Every structure is written in C-alpha cells, then in structure tokens.
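Participant: Below you'll find the structure I mean.
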Amino acid sequence: MPTMSPKGLVIAAPSSGSGKTLVTLGLLRALGRAGHKVGSAKAGPDYIDPRFHEAATGQPCVNLDAWAMRADLVTELAVRAAADKNLLVIEGVMGLFDGAETGEGSTADLAGMLGFPIVLVVDSLRQSQSAAALVRGFASHRADCRIAGVIFNKVATDRHESILRTAMEPLGIPVLGCVRNVYELEVPSRHLGLVQAQEHVSLERFIETAADMVTATIDLDGLSALADGGAPEPCGSPSLAPLGQKIAVADDRAFAFTYPHLLDGWRRAGAEISLFSPLNDEAPASDAEAVYLPGGYPELHAGKLAGNATFLGGLKAAAGAETLVYGECGGFMVLGDGLIDADGQSHQMSGLLPVVTSFEKRKLHLGYRQFECLGPLPFGKSIRGHEFHYSTLISQGAGEALFKAADAAGRDLGEIGLRAGRVMGSYAHIIDARPVS
C-alpha cells in the first residue's frame, strides 16, 4: 500500500448552489490537459458527483466522509486516490462548515484531517464588494482552516470582475479566477440530486466546455501551486468485512449507488465480486455466496424490473439456496412484495420481504445515521451510514428488524429494516464501522 502523504486541494463554497461542482469538473479536465496527473474525491455521502468526476478524469473517484468514516480510513483512501498522482482535488459538500447536526463531519473537518488548503468558490451574481466581507468571515472562522485562494463564480462583466478583485486586495488571499455566468452549463437534476452521469446527454462536450471556461478564466498554475498536504501516514484501516467470499453486485442505472471504498475493501479482503444488470434481465451468479442490491432509481424502472423474470427468478433461487441477499434503499424496495411508482401504479417485485414501498406521495428522509446491527451481516455491531430517499414504507409484514437506528445526535429512531432468514434489507446506506470514542 502507498505510504506517501498526498498533496491536494479542497474545492469548497459558502453554501450549496455556489457552482463548486461545475468548477471542479472544469478544473479536473483542465488540469489534466495541462499535464497534471490529477485524482479526485468527493466529500460526504454522495453517489452521483463522483461519477461526473470519473468522466472528467478517466480515473476512479472515492468518497471521503469526515463523519461516517473513521479518520484512519479517510487518510488511507486519500493516499490511495493520490497514488501516482501529483495532485488530489477534493470537492466539498454543502457549505464549508456544514456537517451533521452536531456540527461534525464538515468539509472543513475533512480539510483539517488531511492538512489540505481550501479554495473557496463564491457565487458573486448578486454582490460585489460584499463578497470580500464574506470571504474574510470564512477565512477567520476557524484557525485550523486555511483559505488559500478564491474563485468567483457567476461574474457578470469585466467591471464586476475588477470590483471583486479590488475588494479582495486587503485580505491578501489570491483571486485565482472569475468565472462568467454560463447558463448552458447548468447540470440537470432529479429528486435525489443531479441526473446520473451515464444519463447526461453530451456529457463529454459538457465537460470539455467547462474545461475551456476554466482554462480561460482561472490561473491553473497558481491554483496547483497552492496544493499541500500534512495528513498522517495511514495505518491500514480495514473497510467493512465482505458479505461473502463470492459476491454478486447489481450494477446498472437502477442500482448505481455503491460506494467504491466498500467494493475495493471487499476485494482487498479477498472477496471475488461479479456484476450483473437487473435492467438487462440478468440473474446473480449462481455460485455467489452473497447478493448485494445497492440503492439507485428502481422507481424509474419498476415496470421493466417487474417483467424481468430471469432477474427475479435468480433472486428467488439465491434466497432458496440460503444465499445471503442484502438490499439497501432501492435494493430493499425491490426485495419487497410491491413498489408503487410516482403515477400510483403498483408493480410486483421479488416478494422476498413482506414490505410494500411507494413513491407516489414523496416524503424526504435525509440524514446521517448510527446503526446497531441486529441481523447476521458481517459488518460488525456498530456502523455509520445515512438515509436519503423520498419513497415511503406503506406496509410491513412479520419479520425481525435489521438495525436499531439513531440520528447523528444520538436520538433514538427505533428499529428499521427487515430480515427473513438470510434475506435482509433497509433504507440504510452503510458506509463504515462506527469510530471508537
């Protein structure tokens, strides 16, 4: 395993919607064009942005979560992401200091763990000199956070740019660029965030245009020169134990929400992973010891999934052979008796768990979670993860709960999920073992 300390930057913002994803994608492609060996990571529990990163760099992108992951794992994953690279670019999440309800796990915390400087992307559309006051506040808010540079986004005119640069001079923080307001570079969204990268029409052209914009407006040499690092050496912190020696993992547009660090950790632990596509009516490998159905968008494909007899039959055969079958969020929905889509139409699912879920009446369930495992999963007793879904559990039959859940502040959320023999699932997305306090 590599032991060198990575050098990198964190691209953060005062709030969500400031344009950090667009700027990050443009930077990743532009830095690669300029000859940098650039790697990337995404802060927090995000399944969608990392796939855009991968399209921009041609390299895997990992999540780094300062709340849900142990610090040793964060460091190890950062070192792995930076292996053979001269620069690691991490895109932050939400506002710089926004984290769990307790205040922990922010982008600022992640930057502090790794010793990385921060480049702040500021939406300047409706402000001029006031932007400098905002930057001053963010730069002085925490002594352990270093704002090394600023990129102003949505700059209207040359005059607007001049005003912003003049206002920043007393702060001594370099303005690395002023990105103009390019409306055609907005990324389409869906109820859980951005549309998935593989569904984005003309994605390559989109990234190339973003890179052209960044190259024309941002000082790439000045930005890359700011990269630094001070992370401690990783100590080989293991990921969660694999579900089995041979694991079949659903992988397509309906089941796309997997964390790369989990699959990579299982492989490094000696597990063999095979992929199958439920949308293409593929069954899990017949010799699999475990089947993993991750989250995704099954509600958008419920009719097709309901008619895919080979897929559903393969799941039932695995369950009948007492193979461990585990579903998260969307995977949990497909393990149930039925799924009601946004139009109110009911679709028969696998029937392996006595639950019916509905997307007809949307209700947001969002937040970090702490779990005590009540079932025969190999992840250990205490786990951290999150929930992020709009569908609702409308009926649940007899069975044993899978987890005892609490929110980030420790408030009891009761028992969640269901297990019937070796078939089990819940709305939880699992990330890592709970840190030992």
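Numbered by this note's numbering, the letters in the sequence shown go through residues 2 to 438 in order. The beta carbon of each residue, even a glycine, is placed where N, CA and C say it ideally should be. Keep in mind that this is a model prediction, so the values were computed, not measured.
1. Between Gly509 and Ile384, what straight-line distance do the alpha-carbon atoms span, to the nearest angstrom?
2. Taking only runs of the beta strand (DSSP E) that begin and end inside the stretch 382-429, which ones reach a length of at least 3 residues, in chain order?
3. Could you say which of Leu28, Thr25, Ala35 and Arg52 lies nearest to Ala257 if we only look at CA atoms?
4. Considering only C-alpha positions, which residue in the set Lys155, Phe98 and Ile12 is nearest to Pro118?
5. Leaving out five residues on either side along the sequence, give the residues of the same chain with a beta carbon under 8 Å from the beta carbon of Arg370.
6. Can you give me the C-alpha to C-alpha distance between Glu170 and Asp145, rounded to a whole angstrom?
7. Under the rule that 16 or more other beta-carbon atoms within 10 Å means buried, what is Gly426, buried or exposed?
8. Once DSSP output is grouped into helix, strand and coil, what is the label at Ser275?
9. Would you check if the distance between the CB atom of Pro299 and the CB atom of Gly331 is smaller than 8 Å?
10. Please name the residue in Lys382, Asp265, Arg420 and Gly297 whose C-alpha comes closest to that of Asn440.
11. Going by alpha carbons, who is nearest to Leu419 out of Leu365, Thr358, Ser275 and Pro436?
12. Rounded to a whole number of angstroms, what is the C-alpha to C-alpha distance between Pro436 and Met70?
13. Cα separation between Met350 and Ile341?
14. Any contact of the stretch 271-285 with the stretch 243-258, i.e. 3+ C-beta pairs under 8 Å?
15. Tell me, to the nearest whole angstrom, how far the beta carbon of Leu177 is from that of Ile152; I am working on the premise that it is less than 8 Å.
16. Sort Thr108, Ala134, Thr218 and Ala109 by Cα distance to Asp159 and report the nearest one.
17. Could you check whether the stretch 107-116 touches the stretch 71-87, counting it as contact only if at least three pairs of C-beta atoms, one from each stretch, sit closer than 8 Å?
Facilitator: So, from the data block:
1. Residue 509 is absent from the structure shown; the chain starts at 2 and stops at 438.
2. 383-390, 393-397, 404-408, 413-417, 419-421 and 424-427
3. Arg52
4. Ile12
5. Arg385, Gly386, His387, Glu388, Ala406, Ala407, Asp408, Ala409, Leu414 and Ala429
6. 23 Å
7. buried
8. strand
9. yes
10. This structure does not reach residue 440, given that the chain is present from 2 up to 438, and the question cannot be answered.
11. Thr358
12. 7 Å
13. 10 Å
14. yes
15. 5 Å
16. Thr218
17. yes
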